[in-house]
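Data block below; observations after.
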Amino acid sequence: MSYEKLLACKEAVRKKTDFVPDVALVLGSGLGGFADNIKIETEIEYKDIPGFPVSTVPGHAGKFIFGYLGDVKIVCMKGRVHFYEGYDVHDVVLPARLMGLLGAKILFLTNAAGGLGEGFNAGDLMLITDHVSMFAPNPLIGPNLDELGARFPDMSEVYKKDLQDIIRNTAKENGIELKEGVYCQLTGPSYESPAEIRLLQKLGVSAVGMSTVNEAIAANHMGLKVCGVSCISNLAAGLSENPLSHKEVQEAADKAAPLFTKLVTESIRKFK
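In this note's numbering, each residue's number is its place in the sequence shown (first place is 1) plus 13.
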């Protein structure tokens, strides 16, 4: 991806709004209803931004929402794009980079994920404390965008501890059970095999999905503070008798939506 392409997308957005967000939020599968809590200033559909990748997955609306959550200025990505949709990985992370260029200093990532941590159940929420990225293409491959960050960025604290503490304390204050663990992104779109899940368990992974890590790497590269929460939408392959389906993922996410909404809303209010 060229820096010029990013700037062209930024210019297209700026023709529609001069809103400068403090926090960027990416909503995962089935979690788009959160956007109902935002006092909306402007909505921009991805298809109206020249060169911008468009979501093709059910449950991903495909638009930016600019507005207020309390007195925090937020840009919400209602629907993301995934590597498995056939996009180049640089296009997959373009939205996260764009939100940073628009002014966001914090990126809050959410997703629906398969649970493989001990004691995990469908409907649980998990604070992402770290990730495993070796199975998905690194979005920094290719010429470095020096305008955004260094060639070899440090990855020792991608998910900032101060933001983790805020989310952790918010869950405690609101009586929300919050698991914690390491998230791993695989490419998808097929779900993992039982053998792959056993391998991930040996690597210390607690949740697995098809997004998030690409975005976290790109955001960390350009200096954004990153945090994330997974909605455990199903038990991973081999841990349940039921075959995995996208319908199951959406149903579990819908069930968890009220707690998720509460956790994310109250946490972002404290990000000021």
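Glycine included, every Cβ here is placed at the ideal spot set by N, Cα and C. The model shown is predicted, which means the values in this text are computed figures rather than measured ones.
TODO: Say whether the segment 183-200 touches the segment 99-115, bearing in mind that this needs 3 or more beta-carbon pairs closer than 8 Å, one atom from each stretch.
DONE: no
- [ ] Keeping to the same chain, check which residues put their C-beta closer than 6 Å to that of Asp137; ignore five residues upstream and five downstream.
- [x] Lys192 and Ile245
Open item on the list: What does the alpha-carbon distance come out to for the pair Met223 and Phe148?
Closed with: 10 Å
Open item on the list: By DSSP's criteria, Ile281 is part of a beta bridge. Which residues make up the other side?
Closed with: Partner(s): none; Ile281 has no beta bridge.
Open item on the list: By alpha-carbon positions, which one of Val145, Phe96, Phe284 and Asp167 ends up nearest to Leu212?
Closed with: Val145
TODO: With DSSP collapsed to three states, give me the class of Val226.
DONE: helix
Task: Alpha carbon of Ser206 to alpha carbon of Phe77, nearest angstrom - done: 34 Å
- [ ] Following the continuous beta strand (DSSP E) through Ile119, name the residue where it begins and the one where it ends.
- [x] Ile119 to Gly128
Task: Beta-carbon spacing of Gly128, Asn134 below 8 Å - done: yes
Open item on the list: One question on the structure: do Ile281 and Leu82 come within less than 8 Å of each other, judged by their Cβ atoms?
Closed with: yes
Open item on the list: Quick check on the DSSP output: the beta strand (DSSP E) that includes Gly241 runs from which residue to which?
Closed with: Lys238 to Leu248
TODO: Look at the alpha carbon of Ala125 and the alpha carbon of Gly241, and state the distance between them as a whole number of angstroms.
DONE: 11 Å
Open item on the list: Output needed for Lys52: all residues of its chain with C-beta closer than 8 Å, excluding positions within five of it in sequence on either side, in chain order.
Closed with: Gly80, Tyr81 and Leu82
Open item on the list: At the level of alpha carbons, what is the spacing between Gly92 and Lys18?
Closed with: 21 Å
Open item on the list: Going by C-alpha to C-alpha distance, which of His103, Leu216, Pro108 and Lys86 sits closest to Ala25?
Closed with: Pro108
TODO: With a floor of 4 residues, list each alpha helix (DSSP H) that falls wholly inside the segment 140-193, ordered by position along the chain.
DONE: 174-186
Task: CB contact flag (Pro152, Val106, <8 Å) - done: yes
TODO: Tell me where the alpha helix (DSSP H) around Leu208 begins and ends.
DONE: One detail in the question is off: residue 208 reads as Ala in this sequence, not Leu. Unbroken alpha helix (DSSP H) run through Ala208: Pro207 to Lys215.
- [ ] Output the boundary residues of the alpha helix (DSSP H) element that contains Lys18.
- [x] Tyr16 to Arg27
Open item on the list: Given a cut-off of 8 Å on the beta-carbon distance, is the pair Thr123 and Tyr172 in contact?
Closed with: no
Task: Coil, strand or helix - Phe273 by DSSP - done: helix
Open item on the list: Let's see if you can read the secondary structure: which residues bound the beta strand (DSSP E) around Val88?
Closed with: Val85 to Lys91
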